[in-house]
Every structure is written in structure tokens, then in C-alpha cells.
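Here's the structure, in C-alpha cells; my notes come after.
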Amino acid sequence: RSQGPGLLCKALKIDKSLLKLLKELVGKAAGKDSEPIVDIITADKPVNEFKIAEKLGLTINQTRNILYKLSNHNIVSFVRKKDEKKGWYIYSWAMDAPKALTHFVDAKKKDIKNNEHLLHSRETKGFYVCPNGDIETNEENALNYNFKCPECGQLLQPAKFEQEISELKEKIAISNRDIQLINVELAKLNVVREKKEIRKLSKEKAKKKAARVKKAKLDKKAAAKLNPKKKKLAKAPKKKKAKPKKNKIK
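Encoded structure:
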């Protein structure tokens, strides 16, 4: 399918923090090795896939594999143009900033939900672990095992999750900060998009008005040819009647 680029990255002058988030998103979707593609396709115009492959130092098939994965996650979009000489289509790709950021917010919210669930479990439930690292189990199962590891027979010890709890809280805080940053950028995108739409509508309106004026002139000329007006003959000037002379009384 062919899609428009929907790219507003140049207008936003994306900063390093946002680029870092986009690279994280790309890495999750297509692998960490694909992250450098963000630096290539965050431009004002779609980039030819052969140029992308050249800059990444990959084969065209490897590059397409990355791009297809990103497209499946609505992170990039493409336009295609037929090469008149060779007869095949050339695809150019761009980062679809609004969709990518929206997708990233959804992913971050999912991470927060999972981490909050795990944090609640670590803070409220009792767990026991094998000193040899064989198992981790809840209190009910530990009781069934008589607090002995079913693998090695060692006495199970109460698990300590202070460090993990601290890490989970930090992850949740970072995800919330990322969402806040992304929402700011999405708001900027909306402003840029709205201004672009207004300019587009104004141009279309002016174009339609010019077309109507042109059509009216052509219609007027055509009507004039079909119904030429007869020239009025010039009327001869009327002779003034001589007024009778009055006799003077002597």
C-alpha cells in the first residue's frame, strides 16, 4: 500500500531526548541494530531505500526487512514512484512522527501497567527463594514444600526485594516522564499540522476563486460572440425651429 510520509520532524527540530526515545521505539520493533535508521529518515522528505541501505552499510534486502517491521508497527510510511527508464517502482521512506509517538505512548503505558502490577506484588506478597537460586515461590507454595527447596533440599529464605522495588519505581517514573515529553511533542505536531491544513485550504480556496473568475470571463466572451450587439446608427442632429420674430411697437 502507498501512504503519504506524514512527516513533520524538520518543522519540530527534534531534540536529542526525543531522538533517543524514537531510537528506543525502533529498537524494540526491529532490533537494536536498526536504531541508526532514525538519524537517516527523520528528514523533511522521504529517503530512497537504496540510500538508506548505503548509509546503514546493509544490503537492500536487510534494509527492507527493517523497514517492513517498522511499517507493521506504524512507525514509518512510504511513497513509491515508478522509474520510467527501468520500469520498476522505487520506494522512499520517512518517519511517521505522529503515529510513531502515539504508538510509543501506548507501549510506555503498557510498561507502566506491568511494572506497577509487579511492584504491588513485591510490596504486598511474601516470596521465598532458594539460596542456590533454583526457585522463587510464594508463601503458600513454600509452606507446601515445608520451606525446603524441591530441587536441592536447601532451606528456603524470605526474598528481599528492596533493590528491585527501587528499580521498578524508577522505571515507572522514567516512563511517565517520557510520556509527558511525547505529549508535548504531539501537541507541537498538531499545531504544525493545523497550520499546514489552513495554508492548504487557503490555497485551494484561492485557486477555486481564480478558476471561477476565469470561467466567468470565458463565458462572457463566448456569449458576446454568439449574440453580437447591433451598432446603433448615429442620429442626425435635429434642426432647431426658428422662433417667429415679434413686431416692435413704435
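Just so we're aligned, residue 102 is where the sequence shown starts under my numbering, counting upward by one.
Every residue, glycine too, gets a C-beta built ideally from N, C-alpha and C.
It should be emphasised that the depicted structure is a prediction, and the values quoted were computed from it without experimental measurement.
Given that a residue counts as buried once 16 or more other Cβ atoms are within 10 Å of its Cβ, and exposed if not, what is residue i?
i: residue 73; result: Only positions 102 to 351 of the chain appear in this structure, which leaves residue 73 out of reach.
i: residue 205; result: buried
i: residue 279; result: buried
i: residue 267; result: exposed
i: residue 306; result: exposed
i: residue 191; result: exposed
i: residue 319; result: exposed
i: residue 130; result: buried
i: residue 123; result: buried
i: residue 222; result: exposed
i: residue 327; result: exposed
i: residue 148; result: buried
i: residue 302; result: exposed
i: residue 232; result: exposed
i: residue 325; result: exposed
i: residue 275; result: exposed
i: residue 215; result: exposed
i: residue 292; result: exposed
i: residue 139; result: buried
i: residue 351; result: Because residue 351 sits at a pLDDT of 49, beneath the cut-off of 50, its placement in the model cannot be relied upon, and the following sentence gives the value as read from the coordinates. Residue 351 comes out exposed.
i: residue 315; result: exposed
i: residue 323; result: exposed
Who pairs with residue i in a beta bridge, going by DSSP?
i: residue 239; result: 228
State the CB to CB distance for the pair residue i and residue j, rounded to an integer number of angstroms; the pair is presumed to be in contact (CB under 8 angstroms).
i: residue 135; j: residue 127; result: 6 angstroms
i: residue 160; j: residue 150; result: Rounded, the Cβ-Cβ distance is 11 angstroms, inconsistent with contact.
i: residue 286; j: residue 202; result: 6 angstroms
i: residue 228; j: residue 237; result: 6 angstroms
i: residue 256; j: residue 230; result: Contact doesn't hold; Cβ gap of about 11 angstroms is too wide.
i: residue 239; j: residue 226; result: 6 angstroms
i: residue 290; j: residue 199; result: 5 angstroms
i: residue 166; j: residue 213; result: Actually they do not touch by this definition, with Cβ atoms about 30 angstroms apart.
i: residue 180; j: residue 168; result: About 13 angstroms; that fails the 8 angstroms criterion.
Just list the beta strand (DSSP E) runs in the segment 135 to 221, keeping only unbroken ones of 3 residues or longer that don't cross its boundaries, in chain order.
177 to 183, 190 to 196
Are there three or more Cβ pairs, one per stretch, closer than 8 angstroms when the segment 137 to 154 is compared with the segment 189 to 201?
yes
Fully enclosed by the segment 245 to 276, which alpha helix (DSSP H) runs are 4 residues long or longer?
none
Under 8 angstroms: do the segment 240 to 253 and the segment 282 to 297 share three or more Cβ pairs, one atom per stretch?
no
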